[in-house]
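Visitor: Residue numbers (our numbering): 75 to 195.
Provided herewith is a single structure, encoded as structure tokens, for subsequent inquiry.
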């Protein structure tokens, strides 16, 4: 009996190319999941963003969030297939509980910019 778990993958694709090309690359991210016996729950584009630091010659990347269910024994193979994909700059795969859709925040901490923050307790 194989155990399946819920996963979430954040994948950064090279931003060079047209929107049509990016859509095709995003579709290619879903193929290995299905090939390894998993099922895609949701796929969402976070858009083009500036990277915190250059990765190779890339200063920007197109971010995608993939939520899927897959057999636990196939995760290493999925990571290998993502590494072999030339369009993938970076990726991370995490186990998840049931969560809602991704929502952009205004700031990382949730505070408005320039708001006073007390450091005294």
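All C-beta atoms, glycine included, are put in the ideal place defined by N, C-alpha and C.
Here's the rule I'm using: 16 or more other beta-carbon atoms within 10 Å means buried, otherwise exposed. How should residue 96 be labelled?
Guide: Residue 96 should be labelled buried.
Visitor: Can you list, in chain order, the residues of its chain whose CB lies under 7 angstroms from that of residue 163, leaving out five sequence neighbours each side?
Guide: Answer for residue 163: 86, 87, 88, 129, 132 and 135, listed in chain order.
Visitor: My output table needs one value for residue 135: the three-state DSSP class, helix, strand or coil.
Guide: Of the three classes helix, strand and coil, the one that applies to residue 135 here is strand, per DSSP.
Visitor: Would you mind listing the beta strand (DSSP E) stretches within the region 95-163 that are 3+ residues and don't spill past its ends, in chain order?
Guide: Fully enclosed beta strand (DSSP E) runs of 3 or longer: 113-129 and 132-145.
Visitor: Near residue 139, which residues of its chain fall below 7 angstroms by C-beta distance, leaving aside the five closest residues on each side in sequence?
Guide: Within the same chain, residue 139 has close Cβ partners 82, 84, 118, 120 and 176.
Visitor: Given a threshold of 16 other Cβ atoms within 10 Å of its Cβ, counted over all protein chains shown, does residue 166 qualify as buried or as exposed?
Guide: It is exposed - the Cβ of residue 166 has fewer than 16 other Cβ atoms within 10 Å.
Visitor: Please state if the CB of residue 110 and the CB of residue 151 are separated by a distance shorter than 7 angstroms.
Guide: Against a cut-off of 7 angstroms, the Cβ pair of residue 110 and residue 151 comes out as a contact.
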